[in-house]
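The structure under discussion appears below in the form of structure tokens.
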Amino acid sequence: MKFNNNIENMNLKEKLIKYFNFEDFRSFEIYSENLKKEEISQEYIIKFVLNELLYSEETPRDMMFVASTGGGKSLIYQMLGRILHDMNLMTIIIDPLKTLMNDQIKTLKSNKEFGDIVEKINSDTTYEERKIIYENIQSGKTSIVYVSPEFLANNPVNEIFKNRQIGLFVIDEAHVVNSWGNTFRADYGYLGDYLEDLQELSNHRYVKLALTATAIYKGELDTVNEIKEYLNLRNPEIIITNYRRDNIDFNIIKIDDIKGSFTEYLYEKIILRIKDNIKNKIKTIVYCPFKSHVYQFKRKIQYELQKVGYLTGDTSSNERKNIQERFKSGNLTVVIATKAFGMGVDVPDVREVIHFKLPNSLIDYIQEIGRSGRDGDKSKATVFYNEKSIKDSNKLEKSAIPAKWQLEHTYKAIKKRAEETENKQFRISSGDISHLFNGESSSSSIQKSRSALFIVERQLERNFNKKILKKIFEGNQKLYFGILKYDADIVEKKVKEIKHIPNETFKNDFNYMGNEKKILQNFYELDVKEFLKNNYPDISYQKFIYNFFWGNNEDFFGKNVSPKIYYKLKIFDYEKSKETLEKVIDFFNAFLLEDREDNLLSGQVKQQTVENHLKKYIRENYDKLEWINESKTEITSKITRIFSSFFIDNKENEMPFAYFNKNNFLNLRYNKNIAPHIRENILKIFENSYSENTLERDMIIDIQNVNSSPSVIIASILEMLHQAEIQTEGEQNGIIIYEKMDELPEELKITKAKELKENIEKQKNIMTEFFETEMNNEQRWDYIEKYFLKI
Numbered sequence: 112m113k114f115n116n117n118i119e120n121m122n123l124k125e126k127l128i129k130y131f132n133f134e135d136f137r138s139f140e141i142y143s144e145n146l147k148k149e150e151i152s153q154e155y156i157i158k159f160v161l162n163e164l165l166y167s168e169e170t171p172r173d174m175m176f177v178a179s180t181g182g183g184k185s186l187i188y189q190m191l192g193r194i195l196h197d198m199n200l201m202t203i204i205i206d207p208l209k210t211l212m213n214d215q216i217k218t219l220k221s222n223k224e225f226g227d228i229v230e231k232i233n234s235d236t237t238y239e240e241r242k243i244i245y246e247n248i249q250s251g252k253t254s255i256v257y258v259s260p261e262f263l264a265n266n267p268v269n270e271i272f273k274n275r276q277i278g279l280f281v282i283d284e285a286h287v288v289n290s291w292g293n294t295f296r297a298d299y300g301y302l303g304d305y306l307e308d309l310q311e312l313s314n315h316r317y318v319k320l321a322l323t324a325t326a327i328y329k330g331e332l333d334t335v336n337e338i339k340e341y342l343n344l345r346n347p348e349i350i351i352t353n354y355r356r357d358n359i360d361f362n363i364i365k366i367d368d369i370k371g372s373f374t375e376y377l378y379e380k381i382i383l384r385i386k387d388n389i390k391n392k393i394k395t396i397v398y399c400p401f402k403s404h405v406y407q408f409k410r411k412i413q414y415e416l417q418k419v420g421y422l423t424g425d426t427s428s429n430e431r432k433n434i435q436e437r438f439k440s441g442n443l444t445v446v447i448a449t450k451a452f453g454m455g456v457d458v459p460d461v462r463e464v465i466h467f468k469l470p471n472s473l474i475d476y477i478q479e480i481g482r483s484g485r486d487g488d489k490s491k492a493t494v495f496y497n498e499k500s501i502k503d504s505n506k507l508e509k510s511a512i513p514a515k516w517q518l519e520h521t522y523k524a525i526k527k528r529a530e531e532t533e534n535k536q537f538r539i540s541s542g543d544i545s546h547l548f549n550g551e552s553s554s555s556s557i558q559k560s561r562s563a564l565f566i567v568e569r570q571l572e573r574n575f576n577k578k579i580l581k582k583i584f585e586g587n588q589k590l591y592f593g594i595l596k597y598d599a600d601i602v603e604k605k606v607k608e609i610k611h612i613p614n615e616t617f618k619n620d621f622n623y624m625g626n627e628k629k630i631l632q633n634f635y636e637l638d639v640k641e642f643l644k645n646n647y648p649d650i651s652y653q654k655f656i657y658n659f660f661w662g663n664n665e666d667f668f669g670k671n672v673s674p675k676i677y678y679k680l681k682i683f684d685y686e687k688s689k690e691t692l693e694k695v696i697d698f699f700n701a702f703l704l705e706d707r708e709d710n711l712l713s714g715q716v717k718q719q720t721v722e723n724h725l726k727k728y729i730r731e732n733y734d735k736l737e738w739i740n741e742s743k744t745e746i747t748s749k750i751t752r753i754f755s756s757f758f759i760d761n762k763e764n765e766m767p768f769a770y771f772n773k774n775n776f777l778n779l780r781y782n783k784n785i786a787p788h789i790r791e792n793i794l795k796i797f798e799n800s801y802s803e804n805t806l807e808r809d810m811i812i813d814i815q816n817v818n819s820s821p822s823v824i825i826a827s828i829l830e831m832l833h834q835a836e837i838q839t840e841g842e843q844n845g846i847i848i849y850e851k852m853d854e855l856p857e858e859l860k861i862t863k864a865k866e867l868k869e870n871i872e873k874q875k876n877i878m879t880e881f882f883e884t885e886m887n888n889e890q891r892w893d894y895i896e897k898y899f900l901k902i
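As numbered in our numbering, residues 112 to 902 make up the sequence shown, in order.
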């Protein structure tokens, strides 16, 4: 590409020496358009961005740069940020992980050429710290800012930067835009929208630079084009470096005919290998899919414990930093970790990466083994597996995708909220749909709710080829809590940003005997923003939210308060709702009381087994469920979800049918004699809650009791069967405010969930072929190259 003469003649090597004390730019072997290999350097990428920003006559072109971690991507945008600072232009770097941010900030702040020029804003940044950073931005002192995607989602960026011009937006680890955006962190999926809005609201002329270590170019699983669309990249220059890492040898060992537990066998084999590697000082990373595996390794390993570090998403930032530094210096030989020890970690002399279980996809596998051999020396990628390993590898990813019927209910909730207001803007809480994902952990339920809202929004855009909904705001404006009446004065004197809500506003809940519970607390509404601004400017919003719901909140209120969720429950038709409940309970009664050869009622079966039996029973008895009037697949999914979520639980109290003990074995407090009483009690709760003239019920429920509240459970079952609606306020995840850009259709055709699951299945087939086919190292790297480039 031909650059403007001013850019062409710019002496960047001089700046490289000055800023980083390096003599030469790094070169990359890249794939040209005809997939032949050629070379470019970091210098070319820097000049491309500057040329587009400063001299392009049209809208500047963006760039996507795909290169392995440790390939020198961060130097490119850090140098650009330093050059743009001298032009009074801002560089915003969007980073998905705080650890990556902290590492880079620490390095840059120790560099005299950067110092106060660079800052970070994430969930740990307090109100006071933000205030100082904003002042430094306005004064021109700070020009390079690392931010989280959540910061962009919830802050008016155009107001923060006001008189400062933004020259560059960097999206680091851009591959998570499509992978996390759909399931794990929806805010990453919204990034393109945030940046587009910023451009519309201001006169900013900037370049977007998307960076990732792995992306598939073209073909059915094309992630390059998907990232391009998610980020709204404008006519981007796409540069893909050589995927081959021929210095990494594959050590793939298939294990057959193991007596006993394969998982226990893996622990033994890998621990033996860890001991050998410690003895021979071979720096090693062991990747585990779950933190429970990491903790199990910690319990089992007794040999040279001080040479092994353990790292999960729960590891504190100080401990994480300590582990990384000790591993880099050689004081630790082995790190056993989840994916939390991954993105951005640059330890050049890792000689072996071991996988305890297979990752979800080949793209994840290559990303993780790529953390070995960064220095170019021979390294090894080891995995022990059996046929079941491949089948199990993507179960978690599949389970993270909401079902079609859950997305349909999500759309109905969105449409209902939109119709309730005459304005274009309306609000919805993830709590309004979280009951659809009941039976899962609180964090998983919140994630799936957010994911469902995001997928529905994208489905609308795809179906109508234009934006129908636009997210305006997300966060908590109000929270609710209760306090024992004799402590109320203490709280009211200490906290001025609360409003007392009279107890008669709310209806009482019931226990499972159908008896009404007494209200012993006073209830309050808290204005979160004013409370923090007036009283705790040095506490970050996220830290307060965590402590309010799950930590010790006495310091904030003078007494420990009980977080509450405000529920608005409404049924549509009293008689029809009652009849629906009766049919559901009778169906489950018949299932549980049926004699079985496998002796289901013995209580020695696990939850998955019970669910499998229920699905079989549903298939054999569809005629008893025809009244639901949905497809057989949807009926099976809904009825199984209702049973597993609402009628069995992990607690020994309250739930009416059964519970699972600590070994996950079913215990039924259930027989032919008490079955009628369970039916009677549930209907008694319903009849005491509603009548022909009373179809609505406002309640305030303790956060700990949300999943076991009989009133909420009954409303949730009826909502899933189109007989009720639920609204919430005060959820941990807050509210979302949407703007309606066009009319919402009566029905929405949902295809996205199926596509996501089909892609996971395709990835599973690729994993099977890769691991099951006999290949030497060269052939495996040939396979990987073809996989990424779709040759």
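Just so it is clear, CB atoms sit at the ideal spot from N, CA and C, and this is done for glycine as well. From a predicted model like this one, the values you see are computed outputs, not experimental measurements.
Handout entry: Separation of Glu858 from Thr532, as counted between CA atoms
Key = Within the sequence shown, the letter at position 421 stands for residue 532. Within the sequence shown, the letter at position 747 stands for residue 858. The alpha-carbon atoms of Thr532 and Glu858 are separated by roughly 19 Å.
Problem - Whether Met810 touches Ser822 by CB criterion (7 Å) - result: As a position in the sequence shown, residue 810 is number 699, starting the count at 1. As a position in the sequence shown, residue 822 is number 711, starting the count at 1. In this structure, Ser822 lies closer than 7 Å to Met810 by Cβ.
Problem - Beta-carbon spacing of Leu900, Tyr328 below 7 Å - result: Counting from one through the sequence shown, the residue named residue 900 turns up at place 789. Counting from one through the sequence shown, the residue named residue 328 turns up at place 217. It is a contact, given that the beta carbons lie within the stated cut-off.
Practice task
Please determine, among Lys735, Asn145 and Met175, the residue with the shortest C-alpha to C-alpha distance to Asp697.
Solution key: Within the sequence shown, residue 697 is the residue found at index 586, counting from 1. Looking at the Cα atoms, Lys735 is the closest of the given residues.
Handout entry: Exposed unless 16 or more other CB atoms sit within 10 angstroms - verdict on Leu507
Key = The residue given as residue 507 occupies position 396 in the sequence shown. By the 10 Å Cβ count, Leu507 comes out exposed.
Problem - Nearest-angstrom Cβ-Cβ length linking Asn343 and Glu284, presumed shorter than 8 Å - result: Position 232 of the sequence shown, counted from the first residue, corresponds to residue 343. Position 173 of the sequence shown, counted from the first residue, corresponds to residue 284. About 18 Å; that fails the 8 Å criterion.
Problem - Proximity winner among Ser541, Val695, Lys578 and Ile656, relative to Glu840 (alpha-carbon distances) - result: Counting from one through the sequence shown, the residue named residue 840 turns up at place 729. Nearest option by C-alpha distance: Ser541.
Practice task
Would you tell me roughly how many angstroms separate the C-alpha atoms of Glu615 and Leu806, rounded to the nearest one?
Solution key: Mapped onto the sequence shown, residue 615 falls at position 504. Mapped onto the sequence shown, residue 806 falls at position 695. Taking the straight line joining both Cα atoms gives about 17 Å.
Exercise for the section: Tell me whether Glu215 is buried or exposed, calling it buried when 16 or more other Cβ atoms sit within 10 Å of its Cβ. Expected result: Residue mapping note: residue 215 aligns to position 104 of the sequence shown, counting from 1. Note that residue 215 is Gln in the sequence shown, not Glu. So Gln215 counts as buried.
Problem - Beta-ladder partner(s) of Leu322, from DSSP - result: Here residue 322 corresponds to residue number 211 of the sequence shown, with the count starting at 1. For Leu322, which the question treats as bridged, DSSP gives the partners Phe176.
Problem - Beta-bridge partners of Tyr678, as assigned by DSSP - result: On the sequence shown, residue 678 is found 567 positions in, with the first residue counted as 1. DSSP output for Tyr678 lists Met810 and Thr839 as bridge partner(s).
Practice task
Could you check which residue in Leu219, Gly330 and Ile385 has the C-alpha nearest to that of Ile447?
Solution key: As a first step, residue 447 is located in the sequence shown; it is residue number 336 there, counting from the start. For the residues Leu219, Gly330 and Ile385, the minimum Cα distance to Ile447 belongs to Ile385.
Practice task
May I ask you to report which of helix, strand or coil DSSP gives Leu832?
Solution key: As a first step, residue 832 must be located in the sequence shown, where it is residue number 721. Leu832: coil per DSSP, three-state reduction.
Problem - Rounded separation between Ser403 and His466 - CA only - result: Within the sequence shown, numbered from 1, the residue matching residue 403 stands at position 292. Within the sequence shown, numbered from 1, the residue matching residue 466 stands at position 355. Between Ser403 and His466, the C-alpha separation is close to 15 Å.
Exercise for the section: Check Lys610 in the structure and name its three-state DSSP category. Expected result: Here residue 610 is taken as the residue at index 499 of the sequence shown, counted from 1. Lys610 falls in the strand class under three-state DSSP.
Problem - Closest Cα partner of Lys491 within the set Leu191, Glu479 and Glu498 - result: Start at 1 with the first residue of the sequence shown, and residue 491 comes out as number 380. Nearest of Leu191, Glu479 and Glu498 to Lys491, Cα basis: Glu479.
Exercise for the section: For Thr423, name the three-state secondary structure that DSSP assigns. Expected result: As a first step, residue 423 is located in the sequence shown; it is residue number 312 there, counting from the start. Note: Thr423 maps to coil in three-state DSSP.
Problem - Strand pairing of Ser152, partner residues [DSSP] - result: As a first step, residue 152 must be located in the sequence shown, where it is residue number 41. The partner list for Ser152 (beta bridge, DSSP) reads Ser138.
Problem - Sequence-distant residues of the same chain with beta carbon closer than 6 Å to Gln249, five excluded per side - result: One-based indexing of the sequence shown puts residue 249 at position 138. If we look at Gln249 and ignore the five residues flanking it on each side, it has no Cβ neighbours.
Handout entry: DSSP bridge partner residues for Glu627 (one or two, in chain order)
Key = Residue mapping note: residue 627 aligns to position 516 of the sequence shown, counting from 1. For Glu627, which the question treats as bridged, DSSP gives the partners Phe621.
Problem - Exposure of Thr323, with buried meaning 16 or more beta-carbon neighbours within 10 Å - result: In the sequence shown, the residue the question calls residue 323 occupies position 212. Result: buried.
Problem - Proximity winner among Gln417, Thr395 and Gly371, relative to Ile381 (alpha-carbon distances) - result: Reading the sequence shown from its first residue, position 270 is the one you call residue 381. Answer by Cα proximity: Thr395.
Handout entry: Any 3 or more C-beta pairs closer than 8 Å across the segment 559-572 and the segment 505-521
Key = yes
Exercise for the section: Identify every run of the alpha helix (DSSP H) within the segment 377-453, keeping only runs that are complete inside it and at least 4 residues long; order them along the chain. Expected result: 402-411 and 428-440
Problem - From Leu725, His788 and Ile539, residue whose alpha carbon lies closest to that of Lys679 - result: Residue 679 sits at position 568 when you count from the first residue of the sequence shown. Measuring from the Cα of Lys679, the nearest candidate turns out to be Ile539.
Handout entry: Supposed contact pair Tyr898 and Leu473 - C-beta distance, whole angstroms, cut 8 Å
Key = Taking the first residue of the sequence shown as position 1, residue 473 is located at position 362. Taking the first residue of the sequence shown as position 1, residue 898 is located at position 787. Contact holds; Cβ gap of about 6 Å.
Handout entry: Secondary structure of Arg561, DSSP reduced to three states
Key = The residue given as residue 561 occupies position 450 in the sequence shown. Of the three classes helix, strand and coil, the one that applies to Arg561 here is helix, per DSSP.
Exercise for the section: Report the residue ranges of all alpha helix (DSSP H) runs contained in full by the segment 469-518; include only those spanning at least 4 residues, in chain order. Expected result: 473-480, 498-504 and 506-510
Exercise for the section: Report back the beta-carbon spacing between Gly845 and Asn587 to the nearest angstrom; my notes put them in contact at under 8 Å. Expected result: If you number the sequence shown from 1, residue 845 lands on position 734. If you number the sequence shown from 1, residue 587 lands on position 476. Gly845 to Asn587, Cβ: 4 Å. Contact.
Practice task
Specify the secondary structure class of His788 as computed by DSSP and reduced to three states.
Solution key: On the sequence shown, position 677 is the one that residue 788 refers to. Three-state DSSP puts His788 in a helix.
Handout entry: Distance CB(Gln632)-CB(Leu595) smaller than 7 Å
Key = As a first step, residue 632 is located in the sequence shown; it is residue number 521 there, counting from the start. As a first step, residue 595 is located in the sequence shown; it is residue number 484 there, counting from the start. In this structure, Leu595 lies closer than 7 Å to Gln632 by Cβ.
Exercise for the section: Keeping to the same chain, check which residues put their C-beta closer than 7 Å to that of Glu140; ignore five residues upstream and five downstream. Expected result: In the sequence shown, the residue the question calls residue 140 occupies position 29. The answer, listed in chain order, is Lys148, Glu150, Thr352 and Asn353.
Handout entry: Span of the alpha helix (DSSP H) around Met878
Key = Against the sequence shown, residue 878 aligns to sequence position 767. Here the alpha helix (DSSP H) through Met878 covers Lys863 to Glu883.
Exercise for the section: Out of Thr170, Arg569, Gly192 and Asn358, point me to the one whose CA is closest to Asn314's CA. Expected result: On the sequence shown, position 203 is the one that residue 314 refers to. With distances taken between Cα atoms, Asn314 lies closest to Thr170.
Exercise for the section: Evaluate Gln815 with the Cβ neighbour count: other Cβ atoms within 10 Å of its Cβ, from every protein chain shown; 16 or more gives buried, anything less gives exposed. Expected result: Looking up residue 815 in the sequence shown gives position 704. Result: exposed.
Practice task
Return the residue from the list Glu866, Lys223 and Ile228 that minimises the CA-CA distance to Ile203.
Solution key: Mapped onto the sequence shown, residue 203 falls at position 92. The candidate whose alpha carbon is nearest that of Ile203 is Ile228.
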